Every structure is written in C-alpha cells, then in structure tokens.
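Worksheet: one structure, shown below.
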Amino acid sequence: YSLDTFAGSKVLVIIFMCNHCPYVKAVIQRLIDLQEDTLSQGVRLVGINCNDVQKYPDDSFESMQKVAMEWGMNFSYLFDESQTVAKKYDAVCTPDIYVYGKEKKLLYRGRIDDNWENVEQVTQRDLKQAIDCILAGQEVPAKQVPSMGCSIKWKVS
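For the sequence shown, this note's numbering gives the first residue as 2, with consecutive numbering after it.
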C-alpha cells in the first residue's frame, strides 16, 4: 500500500491505531460507522498499527486480522512493522488522526469528537465536521483539538 493506492479518494483519513488501546476500542465503532456513512462520497479510512509487538504481542499482525474480523472493520487495517510510516507522520498516540483532501495536503489532525468514552455524550464531532468541510470545498476549522490516546509503543534502537 501507498498513498497512490487511495488516489481516487476525495478525502483520505489515516488513523494510527492498535488492538489493545482502550481509547481505540472505545471509538472503533464510530470509525466503522463514519466509513459506512461517507464511503459513497469518496471518503476512505485507513487504519495503521505501528506498535512494537515485542512490547505488546496483542498488537501482532495475526491479532490485527482477528480483531478486524471481530470488530467488523470496513476499512483497511495495515501493519507498519518497521514504524517508518508512523515516524514520517510524527504520530504520537492511538488513535492519531490525519485527514487529507484530494490534493493530498494535510487539512486536519485532531480528535474524533469531544467524548472518547461515551458516544451518547458527544456534542462535537470534529472529524466528521472536517470531512464535511473538505467535501463541500470549505475551509477546515483552524482550531483542531489533538487526539488523546495510548502512546505509541516505539521500538528501542
């Protein structure tokens, strides 16, 4: 996979995520629903797991395949075993979200919404708002609240 794989997308959402993180587990259904709701509009979500499996065996490729099935994921879930991609993006946590428009320019980096723990208490859907702005040809709000989650488990060099 490369960015060219998703060249036909109007919006590309890259999510650094993993299997074990409670933050990811709490929001995964929101991401699945978002992909379902926006796929026909040209939005593609891609999950990338870059955690060191020596530190977290639950984040292995085999476990990724298992949880993707269990969660019913409807978007690609890729393994960045070398952590090269995560380093190029300066990813820091899971989930860490990057949104690109058709020109493949970073337009949004921030949280999914304002309540990672309880979907019923969400009042601000930041990621969806950013996607809607991009699709409408409008500016994405300049105020972007960073994502909150588990730290990426980096390999020791």
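Backbone N, C-alpha and C define an ideal beta-carbon position, used for all residues, glycine too. Here the structure is a predicted model, which means the values were calculated and not measured.
Given residue i as reference, the closest of the options once Cα atoms are compared
i       : options                          : result
Met-75  : Gln-36, Ala-8, Ile-113, Leu-136  : Note that residue 75 corresponds to Asn in the displayed sequence, not to Met. Nearest C-alpha to Asn-75: Gln-36.
Met-18  : Arg-31, Gln-66, Ile-98           : Ile-98
Asn-20  : Tyr-78, Thr-39, Leu-40, Met-149  : Tyr-78
Arg-126 : Val-157, Pro-142, Ala-137        : Pro-142
Gln-30  : Ser-41, Gly-73, Gln-42, Lys-105  : Gly-73
Trp-117 : Gln-66, Ser-158, Val-146         : Val-146
Phe-34  : Gly-138, Ser-158, Val-120, Tyr-2 : With the sequence shown as reference, residue 34 is identified as Asp, and Phe is not the correct amino acid for it. Looking at the Cα atoms, Val-120 is the closest of the given residues.
Environment of residue i [buried if 16+ CB atoms lie within 10 Å]
i       : result
Ser-10  : buried
Ala-8   : exposed
Asp-114 : buried
Val-14  : buried
Gly-48  : buried
Leu-128 : buried
Trp-155 : exposed
Thr-39  : buried
Leu-107 : exposed
Nearest-angstrom Cβ-Cβ length linking residue i and residue j, presumed shorter than 8 Å
i      : j       : result
Ala-69 : Ile-153 : Rounded, the Cβ-Cβ distance is 19 Å, inconsistent with contact.
Ala-1  : Cys-51  : Outside the displayed span of the chain (2 to 158) sits residue 1, for which this structure offers no information.
Val-54 : Gly-150 : So it is not a contact: roughly 18 Å between Cβ atoms.
Ser-64 : Arg-112 : Incorrect: roughly 25 Å between the Cβ atoms, too far for contact.
Check whether residue i and residue j have beta carbons under 8 Å apart
i      : j       : result
Tyr-90 : Val-100 : no
Val-44 : Gly-102 : no
Ile-16 : Leu-4   : no
Cys-22 : Thr-124 : no
Looking at C-beta atoms only, is the number of pairs between the segment 54 to 64 and the segment 129 to 136 that lie closer than 8 Å three or more? No: fewer than three Cβ pairs fall under 8 Å.
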